[in-house]
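Those protein sequences? They're chains A and B, same order as listed.
If you count by our numbering, then the first sequence holds residues 1 to 312, one letter each, in order.
If you count by our numbering, then the second sequence holds residues 1 to 312, one letter each, in order.
2 protein chains.
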Amino acid sequence: MVILDLVNRLLDGDKRACARAITKAENNEPGSIEILKEVYKKTGNAHIVGITGPPGGGKSTLTYRLSKELSDRGKKVGIIAIDPTSPFTGGSILGDRIRMNKLSTDPNVFIRSMGTRGHLGGLSKATHGAIKIFDAFGCDYIFVETVGVGQSEVDIVKTADTVVMIMVPGLGDDIQAIKAGIMEIADIFAINKSDLDGAERTAGEIKMMVEMGTVEKKPPILNVIASQNEGIKELLNEIDDHKKYLISSGELEERRLARLRLEIVNLIEEEIKSRIFNDKEIYNLLDNILKDVYNKDIDPYSAKDKLFNAII
Amino acid sequence: MVILDLVNRLLDGDKRACARAITKAENNEPGSIEILKEVYKKTGNAHIVGITGPPGGGKSTLTYRLSKELSDRGKKVGIIAIDPTSPFTGGSILGDRIRMNKLSTDPNVFIRSMGTRGHLGGLSKATHGAIKIFDAFGCDYIFVETVGVGQSEVDIVKTADTVVMIMVPGLGDDIQAIKAGIMEIADIFAINKSDLDGAERTAGEIKMMVEMGTVEKKPPILNVIASQNEGIKELLNEIDDHKKYLISSGELEERRLARLRLEIVNLIEEEIKSRIFNDKEIYNLLDNILKDVYNKDIDPYSAKDKLFNAII
Numbered sequence: 001m002v003i004l005d006l007v008n009r010l011l012d013g014d015k016r017a018c019a020r021a022i023t024k025a026e027n028n029e030p031g032s033i034e035i036l037k038e039v040y041k042k043t044g045n046a047h048i049v050g051i052t053g054p055p056g057g058g059k060s061t062l063t064y065r066l067s068k069e070l071s072d073r074g075k076k077v078g079i080i081a082i083d084p085t086s087p088f089t090g091g092s093i094l095g096d097r098i099r100m101n102k103l104s105t106d107p108n109v110f111i112r113s114m115g116t117r118g119h120l121g122g123l124s125k126a127t128h129g130a131i132k133i134f135d136a137f138g139c140d141y142i143f144v145e146t147v148g149v150g151q152s153e154v155d156i157v158k159t160a161d162t163v164v165m166i167m168v169p170g171l172g173d174d175i176q177a178i179k180a181g182i183m184e185i186a187d188i189f190a191i192n193k194s195d196l197d198g199a200e201r202t203a204g205e206i207k208m209m210v211e212m213g214t215v216e217k218k219p220p221i222l223n224v225i226a227s228q229n230e231g232i233k234e235l236l237n238e239i240d241d242h243k244k245y246l247i248s249s250g251e252l253e254e255r256r257l258a259r260l261r262l263e264i265v266n267l268i269e270e271e272i273k274s275r276i277f278n279d280k281e282i283y284n285l286l287d288n289i290l291k292d293v294y295n296k297d298i299d300p301y302s303a304k305d306k307l308f309n310a311i312i
Numbered sequence: 001m002v003i004l005d006l007v008n009r010l011l012d013g014d015k016r017a018c019a020r021a022i023t024k025a026e027n028n029e030p031g032s033i034e035i036l037k038e039v040y041k042k043t044g045n046a047h048i049v050g051i052t053g054p055p056g057g058g059k060s061t062l063t064y065r066l067s068k069e070l071s072d073r074g075k076k077v078g079i080i081a082i083d084p085t086s087p088f089t090g091g092s093i094l095g096d097r098i099r100m101n102k103l104s105t106d107p108n109v110f111i112r113s114m115g116t117r118g119h120l121g122g123l124s125k126a127t128h129g130a131i132k133i134f135d136a137f138g139c140d141y142i143f144v145e146t147v148g149v150g151q152s153e154v155d156i157v158k159t160a161d162t163v164v165m166i167m168v169p170g171l172g173d174d175i176q177a178i179k180a181g182i183m184e185i186a187d188i189f190a191i192n193k194s195d196l197d198g199a200e201r202t203a204g205e206i207k208m209m210v211e212m213g214t215v216e217k218k219p220p221i222l223n224v225i226a227s228q229n230e231g232i233k234e235l236l237n238e239i240d241d242h243k244k245y246l247i248s249s250g251e252l253e254e255r256r257l258a259r260l261r262l263e264i265v266n267l268i269e270e271e272i273k274s275r276i277f278n279d280k281e282i283y284n285l286l287d288n289i290l291k292d293v294y295n296k297d298i299d300p301y302s303a304k305d306k307l308f309n310a311i312i
């Protein structure tokens, strides 16, 4: 009853109901699965845009500008910012989220920061849940913003409908290596801070990499200066063009199936974890097995088999 | 027979057998579990040191200097570098790994780069496998080097025996936020490039954060200049002091139990994934369910239950 009421209010566009539902989903509260089951029926309209790139690349500023522009056009926007937060406290110090506060007064833009919360009800589950809720809430665009490293984080962003990869002129070696690692998932390259020295060289390097690549649709490369609102409209045009391409080529269905596949596999993992950590008997069994493994009475692989059989 | 031969050779210190075993474990080749079961009996002597920090912080250079110093003291060192690599190709462009090549001629230092390989036989399994093999191979120290972001990556580094957190003076907002997210897992802070402007301020900030923290053993804060080999011996002393503390306080057992717990839970997840992707019937079932989910005939959460029941 209460759940259905919450769902109806969020479908009606009630901002507080939307926030409440996301919190419930993120914290894995009782009723959250019922909410998500209900809202799922109303999803599929939002275009999911992954925004990724190296730390210091200006992802938040760019997301802010894109959202502002869309809001001015009367579009409703959801932003999900994935933060690498403390595995101990679950808290996060949100450096440049502060800038995001400018948007919090915009009636068309809705922002949510996600912590990476260790094992119970993980990051992927929470993010997929938030995407669904924003979608059913009526968002036309949902931006999923994450630093471009980490296996779980890359998995999430690469299953967006459109992936915008932010690059910056003149970053160090280490950062270049990170970029290289996930460049293949980009649908659009945005060279931010392109008034800085080396922007042309960076564009040239990306162009070369794109031309050597094997993907059918070569991603466009744009110059933007997010802090000065330059190139934002052009970037939005490219995002919309990519959306049209996805629809006409049939790739949209393919991507969304891939996203669902990832989500369902992750849900199964979470189910297993919750069975281990919430079932007292199994948790005690794990504790005992761990001591045996530590003492070398059994190896971790046989221990896994033993525990696995107890779970199923 | 062949497996036992490989294990015996690696236990005897055969470098090629060691490399071979790690490759098998990383690629989840047939026989890899048998190898790991065998080597597990011979583990427990190596001290596992996690090296983490923001991109551009000089992790590889510092790891290089530490390893060189240990080698000079007659110690055997294993290095596992976790790279955020392409989720598509599995390949990686190893920017500053090139520097590591200086070490590859050192007979006491053994280096391994790990890719993050999507779903089959994941990163955590491969890294834990490599740690075991290096340990049984006779390494006195094993460095696990990773950029300090990403849920899986943080999970791995935080279960090391000793965690060294590298900081650098004067990094941007975005990077500060990342640091903040994982600062609580540091056992030792190393401010690298401490000849740069702002080193004192950075040290002051860390000191304040440490003093406000709730951990019992306050982590020491060291100034180092890895590129000039300054502060390396002092850092090694701190690592050894921490090791002594772990043993005398009983925390070493606690940490190793936590590492085993993480490993076993991850192994169970991998088992589930391999059952989904390697069992043709289940894979087909997933494909069919996905279409139903896509068409909204069923929601992802009920789909998960259906698939879960088919697996067990």
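Here a beta-carbon is modelled for each residue, glycine too, at the ideal position from N, C-alpha and C.
Pick from the options that is closest to residue i, judged by C-alpha positions
i, options, result
"Ser227(B)", "Phe189(B), Cys139(B) and Asp195(B)", "Asp195(B)"
"Asp12(A)", "Asp106(A), Asp135(A), Ile33(A) and His128(A)", "Asp135(A)"
"Val265(A)", "Asn237(B), Val265(B) and Leu307(B)", "Leu307(B)"
"Lys304(A)", "Leu267(B), Lys304(B) and Ile282(B)", "Leu267(B)"
"Arg275(A)", "Gly213(A), Asn309(A), Thr23(A) and Glu200(A)", "Asn309(A)"
"Gly74(A)", "Ala21(A), Gly58(A), Arg259(A) and Pro107(A)", "Pro107(A)"
"Glu253(A)", "Asp161(A), Lys193(A) and Thr43(A)", "Asp161(A)"
"Met212(B)", "Glu184(B), Gly198(B) and Glu230(B)", "Glu184(B)"
"Lys125(A)", "Phe277(A), Glu270(A) and Asn284(A)", "Glu270(A)"
"Gly122(A)", "Leu36(A), Cys139(A), Asn237(A) and Glu26(A)", "Glu26(A)"
"Tyr294(B)", "Asp287(A), Glu29(A) and Tyr40(A)", "Tyr40(A)"
"Gly44(B)", "Phe189(B), Gly138(B) and Arg65(B)", "Gly138(B)"
Counterpart residues of residue i in DSSP-defined beta bridges
i, result
"Tyr141(A)", "His47(A) and Val77(A)"
"Thr162(B)", "Val49(B)"
"Val109(B)", "Val77(B)"
"Ala25(B)", "According to DSSP, Ala25(B) bridges with nothing at all."
"Ile82(B)", "Met114(B) and Thr146(B)"
"Phe189(B)", "Met165(B) and Ile221(B)"
Beta-carbon spacing of residue i, residue j below 8 Å
i, j, result
"Val168(B)", "Pro54(B)", "yes"
"Leu262(B)", "Asp187(B)", "no"
"Pro219(A)", "Leu260(B)", "no"
"Phe143(B)", "Ser71(B)", "no"
"His242(A)", "Tyr141(A)", "no"
"Ala19(A)", "Arg9(A)", "no"
"Ala199(B)", "Ile191(B)", "yes"
"Ile282(B)", "Ile247(B)", "no"
"Ile166(B)", "Gly57(B)", "yes"
"Lys233(A)", "Glu69(A)", "yes"
"Val77(B)", "Phe110(B)", "yes"
"Thr52(B)", "Thr127(B)", "no"
"Lys193(A)", "Ile221(A)", "no"
"Val7(B)", "Glu38(B)", "yes"
"Lys42(A)", "Gly31(A)", "no"
"Ala258(B)", "Thr159(B)", "yes"
"Gly231(A)", "Asn237(A)", "no"
"Lys217(A)", "Tyr245(A)", "yes"
"Ile80(A)", "Ile131(A)", "yes"
"Arg112(A)", "Asn229(A)", "no"
"Gly129(A)", "Leu36(A)", "yes"
### Query
Can you give, in chain order, each stretch of the beta strand (DSSP E) that sits fully within the region 237-304 of chain A and has at least 3 residues?
None, since the region 237-304 of chain A contains no complete beta strand (DSSP E) of that length.
### Proximal residues, the region 190-206 of chain B versus chain A, C-beta separation under 8 Å
The residues in question: there are none.
### Task
Using a Cβ-Cβ cut-off of less than 7 Å, give me the residues of the region 17-51 of chain B that come near chain A, in sequence order.
So the close ones are Ile33, Leu36, Lys37, Tyr40 and Lys41.
### Query
Using Cβ-Cβ distances below 8 Å, what residues of the region 269-284 of chain B are close to chain A?
Flagged, chain order: Glu269, Glu271, Ile272, Lys273 and Ile276.
### Message
So if I threshold CB-CB distances at 8 Å, which residues from the region 254-267 of chain A count as touching chain B?
### Response
Under the 8 Å Cβ criterion, the region 254-267 of chain A contributes Arg256, Leu257, Leu260, Arg261, Glu263, Ile264, Val265 and Leu267.
### Query
If you scan the region 194-242 of chain A from start to end, which runs of the alpha helix (DSSP H) of 4 or more residues do you find wholly inside it?
Assignment of alpha helix (DSSP H) within the region 194-242 of chain A, counting only whole runs of 4 or more residues, yields 199-212 in chain order.
### Task
Anything in the region 291-312 of chain B with a Cβ closer than 8 Å to a Cβ of chain A? List those residues in chain order, please.
For the region 291-312 of chain B, the beta-carbon criterion of a distance under 8 Å to any beta-carbon of chain A is satisfied by Lys291, Val293, Tyr294, Lys296, Asp299, Pro300, Tyr301, Ser302, Ala303, Lys304, Leu307, Phe308, Ile311 and Ile312.
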